[in-house]
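S.K.: If you count by our numbering, then the sequence shown holds residues 172 to 234, one letter each, in order.
Just so it is clear, CB atoms sit at the ideal spot from N, CA and C, and this is done for glycine as well.
The structure under discussion is supplied below as structure tokens; questions concerning it will follow.
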Amino acid sequence: NLQGLALYMETIERLFLLEDKESIAETKEEADIIRSQIEFTQAIVSLANQNVIVNITETSADN
């Protein structure tokens, strides 16, 4: 699914951008907000990775 792959890649890119943004945060509060966004994005990536593994496993079982 190319659309899913594109969304996944955008999410990974967002994660890198957030990490860069966190490193230049001017206040602790700003850094904390960005950190929570990073953790949320990491959770999305983790779920996507698990979904890919499930899809591969199901495809292998079907063959």
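Is the CB of A214 under 8 Å away from at least one CB in chain B?
M.R.: Absence of chain B from the displayed structure is noted, only one protein chain being present.
S.K.: Figure out for me which residue from T230, V223, E229 has the closest Cα to the Cα of Y179.
M.R.: V223
S.K.: Should L189 go down as buried or exposed, given a rule of 16 or more other Cβ atoms within 10 Å for buried?
M.R.: Per the 10 Å Cβ criterion, buried.
S.K.: Any idea what DSSP makes of T212, helix, strand or coil?
M.R.: T212: helix per DSSP, three-state reduction.
S.K.: Express the C-alpha separation of I209 and V225 in angstroms, rounding to a whole number.
M.R.: 24 Å
S.K.: To the nearest angstrom, how far is the alpha carbon of E229 from that of R206?
M.R.: So the two alpha carbons sit approximately 35 Å from each other.
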